[in-house]
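Undergrad: Below: one structure in structure tokens.
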Amino acid sequence: MDIRIGIVTSLLISVFFLWLTISSAASGYYSVEVDGKEIAVVSNDEYVQEIIDILVTEKEREIGKEVEVYNEVTVTKVNPTDEAVIGKEELHSRLSSVLKYKISGAVVRVDDVPLFAFDDVSTAKAFIEKLKEQYDVISGAKISFEEDVRVLEAKVWLDKVVTVAEAIAKVKDSADIPKHTIKEGDTLWDIAQANNISVDKLIRLNPELDPGYLQIGQELRLSDKEPLINVVCVFEEVLEERIEAPVEIRRNDKLAQGKSKIIQEGEEGLKRVTYRVVKRNGVENKRIVLSEEVVKEPVPRIVEKGTRVLVASRNFGGGRLAKPSAGVVTSPFGMRWGRMHTGVDFGAPHGSAVIAAEDGKVIRAGWHGGYGLCIDISHGNGMVTRYAHLSRINVKVGDQVQKRQVIGAVGNTGNSTGPHLHFEVIINGRPQNPMNYL
Ligand SMILES: [Zn+2]
């Protein structure tokens, strides 16, 4: 706490709501009531004012500030009773535990409700300033409160006075609302159960939630706790962002339907985007684009799509696949030693070329368990071809390959007993006999 300098005079006492009912001479039996409750019987009524004066002086010395007693103290002459008459020392101790004081301090009112009491206006203002720095320290940011927050001079209960740190901790604690981030496999019932709330309450706490469709990554509130004060931070942010290359499709009637040819590889552009960002209690809750400036225009990707219609062959529309290896079939598709062989094996020398069976996009290029070095190419319409046990891979995931393009070399990697190419044709996730497509 800060050090206060105050001159305390023991004679300057402000006792409010103090009534002394003195009905007779200075000796006898006097009942002392504080706020309607008897706390003692004394033999001299003057003790009461005397002890209150002492207590006020002691309190003022302790805190370095004038205090006012805010209790109703009544002294009534009573007939001799069985109750023990107490002395000054005991009266001091009993009054000390019941007297309540007010000081001239300050309150912070939030939407007209007094929220915190402070020693003085400058401490209350220091709290406001400190609160503004709690979540985001961004130069140029405008920080405000969602609520109407005011500092007012006021008489405050001494025992309700808080420090800046205590008030900050309370606000931050109130803003710390327990949340659950939806993971794969979560159900509302599980989340509710794990957090001891009902599903109904979970839905009520999250009005934007569609109970029939949980989105992975979505945050759910688990409590109806409300922040005491919401700190809003508004600032501008400039980010450089990539502009995806647009795709331009051209029709080519010389090219078979289902086939495409890349005429020009696209190139990403770059833009500078200025955002206005709004954060609430340190969490971003709004982002608006203020302006965009293109730094580099993207180059379109030009693709020719074939429109020539071919007669479908077996199940595969668009012609036959190219044979991926020059070797001969050494092991056919189907049951082999009691196990399903999901492709055909071509016996070929180590390092000999493996070619793409059809135009397509590489969706796997790397080690794949027992397949060893393996390439998967997607040809659209649910068709994928797989090339396994390779010794070398020439392509990477995302590459567009052309039919008969060399994509790798025959090898003996993974679960393999000698150099060969294991080749699969997978339609909608199920291996088919490749010989039907070659
Ligand atoms: Zn095989």
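In terms of my numbering, the sequence shown opens at residue 281 and continues consecutively.
Even glycine gets a Cβ: it sits at the ideal position worked out from N, Cα and C.
1. Quick one: does the C-beta of His-719 sit closer than 7 Å to a heavy atom of ligand 1?
2. If we require 3 or more residues per run, which beta strand (DSSP E) segments fall completely within the segment 301-384?
3. Buried or exposed: where does Glu-340 fall if 16 or more other Cβ atoms within 10 Å of its Cβ makes it buried?
4. Whose C-alpha, out of Lys-551, Leu-500, Phe-515 and Glu-352, is nearest the C-alpha of Arg-522?
5. For Gly-607 versus Leu-670, is the C-beta distance shorter than 8 Å?
6. Whose C-beta lies closer than 6 Å to the C-beta of Gly-678 among residues of the same chain, with five residues either side of it excluded?
7. Of all the options Gly-618, Gly-627, Leu-601 and Gly-623, which has the alpha carbon lying nearest to the alpha carbon of Val-609?
8. So which residues put a beta carbon under 6 Å from any heavy atom of ligand 1, going in chain order?
9. Check Thr-665 in the structure and name its three-state DSSP category.
10. Near Gln-495, which residues of its chain fall below 7 Å by C-beta distance, leaving aside the five closest residues on each side in sequence?
11. Taking DSSP as the reference, what is the three-state secondary structure of Asn-716?
12. Using 10 angstroms around the beta-carbon of Met-715, count the other beta-carbons present and answer buried if the total reaches 16, otherwise exposed.
13. Please state whether DSSP places Glu-528 in a helix, a strand or coil.
14. Taking C-alpha atoms, which residue in Asn-359, Leu-508, Lys-539 and Glu-528 lies nearest to Gln-682?
15. For the pair the segment 461-475 and the segment 424-437, tell me if three or more CB-CB distances fall below 8 Å.
16. Could you tell me how far apart the beta carbons of Val-705 and Ser-605 are, in whole angstroms, since I believe they sit closer than 8 Å?
17. Going by alpha carbons, who is nearest to Ser-377 out of Ile-331, Val-557, Ser-696 and Val-514?
18. The alpha helix (DSSP H) spanning Phe-407 covers which residue range?
19. Which residue's Cα is closest to the Cα of Gly-623: Val-642, Lys-603 and Ala-633?
20. Please classify Ala-447: does DSSP put it in a helix, a strand, or coil?
21. What would DSSP say about Lys-683, mapped onto helix, strand or coil?
22. So, helix, strand or coil for Gly-741, using DSSP?
23. At 3 residues or longer, and completely inside the segment 439-512: list those beta strand (DSSP E) runs for me, N to C.
24. Excluding the 5 residues flanking Ala-397 on each side, which residues of the same chain have their C-beta closer than 7 Å to its C-beta?
25. In whole angstroms, give me the CA-to-CA distance for Ala-525 and Asn-476.
26. Tell me, please, whether the CB atom of Pro-629 is closer than 8 Å to any CB atom in chain C?
27. Does the Cβ of Asn-359 have 16 or more other Cβ atoms within 10 Å, making it buried, or fewer, making it exposed?
28. Do you know whose CA, among Asp-400, Val-417 and Ile-457, lies nearest Val-444's CA?
29. With a 10 Å radius around its C-beta and 16 neighbouring C-beta atoms as the bar for buried, classify Met-615 as buried or exposed.
30. Grab me the residues of Val-431's own chain with a C-beta within less than 7 Å of its C-beta, minus the 5 sequence neighbours each way, in chain order.
31. Can you tell which of Tyr-381, Lys-585 and His-659 has its C-alpha closest to the C-alpha of Asp-533?
32. For Arg-531 and Gln-544, I'd like the C-alpha separation in whole angstroms.
33. With a threshold of 6 Å on Cβ separation, who are the neighbours of Glu-572 within its own chain once the five nearest residues in sequence on each side are excluded?
34. Please name the residue in Gly-562, Lys-368 and Ala-645 whose C-alpha comes closest to that of Ala-455.
35. At what residues does the beta strand (DSSP E) containing Leu-565 begin and finish?
TA: Reading from the atomic positions:
1. Given that the chain is displayed from residue 281 to residue 718, the structure contains no residue 719 and the question cannot be resolved.
2. 309-314, 317-322 and 353-358
3. buried
4. Lys-551
5. no
6. Correct list: empty, nothing qualifies.
7. Gly-627
8. Chain-ordered, the residues whose CB falls short of 6 Å from any heavy atom of ligand 1 come out as Ser-611, His-621, Gly-623, Asp-625 and His-702.
9. strand
10. Ile-462
11. helix
12. exposed
13. strand
14. Lys-539
15. no
16. Going by Cβ atoms, the distance from Val-705 to Ser-605 rounds to 14 Å, so no, they are not a contact pair.
17. Ile-331
18. Its alpha helix (DSSP H) spans residues 401-412.
19. Of the candidates Val-642, Lys-603 and Ala-633, the one whose C-alpha sits nearest the C-alpha of Gly-623 is Lys-603.
20. helix
21. coil
22. The structure shown has nothing for residue 741, since the chain only spans 281 to 718.
23. 459-461 and 499-501, all fully within the segment 439-512.
24. Hits under 7 Å: Gly-385, Val-387, Val-436, Trp-437, Lys-440, Val-441 and Val-442.
25. 49 Å
26. As a matter of chain content, chain C is missing from the structure shown, which is built from one protein chain.
27. exposed
28. Of the candidates Asp-400, Val-417 and Ile-457, Asp-400 places its Cα closest to the Cα of Val-444.
29. exposed
30. Ala-386, Val-388, Val-401, Ala-404, Lys-405 and Ile-408
31. Lys-585
32. Those two C-alpha atoms are separated by around 14 Å.
33. Lys-551 and Val-553
34. Gly-562
35. Rather than Leu, the amino acid found at residue 565 in this sequence is Asn. Taken as a continuous stretch (DSSP letters only), the beta strand (DSSP E) holding Asn-565 covers 563-576.
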